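Residue numbers (the numbering used here): 471 to 560. Notes to accompany the following structure.
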């Protein structure tokens, strides 16, 4: 269970980083681009949840599933923040 708590802290930190990068990018975009990015971000969230949330099903994955689910969300969040940061540097 300690591992899950450790991952939860990392998840919060990476989510905060993603939010900072996203907001900074949104501030630089034109209105139509902001709408497109918002829609893309919503689609990314749905995709992340579809890939990661099933791990939290203890009947299928047991306690390890929580760890795997947190790791999945963290990994995808890091990748998304990095992708948005690259867009922001263009």
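Ideal Cβ placement from N, Cα and C applies to all residues, glycine included. Bear in mind that the values here come from a model prediction, so they are computed numbers and not experimental data.
Is the CB-CB distance between residue i and residue j below 8 Å?
{"i": "residue 485", "j": "residue 547", "result": "yes"}
{"i": "residue 511", "j": "residue 525", "result": "no"}
{"i": "residue 495", "j": "residue 558", "result": "yes"}
{"i": "residue 521", "j": "residue 542", "result": "yes"}
{"i": "residue 545", "j": "residue 535", "result": "no"}
Go ahead and pull the three-state DSSP assignment for residue i.
{"i": "residue 538", "result": "helix"}
{"i": "residue 533", "result": "coil"}
{"i": "residue 507", "result": "helix"}
{"i": "residue 518", "result": "helix"}
{"i": "residue 559", "result": "coil"}
{"i": "residue 495", "result": "helix"}
{"i": "residue 545", "result": "helix"}
{"i": "residue 485", "result": "helix"}
Distance check for residue j and residue i, CA to CA, integer angstroms please.
{"i": "residue 500", "j": "residue 531", "result": "44 Å"}
{"i": "residue 552", "j": "residue 516", "result": "18 Å"}
{"i": "residue 529", "j": "residue 503", "result": "42 Å"}
{"i": "residue 560", "j": "residue 498", "result": "11 Å"}
{"i": "residue 523", "j": "residue 555", "result": "25 Å"}
{"i": "residue 478", "j": "residue 506", "result": "30 Å"}
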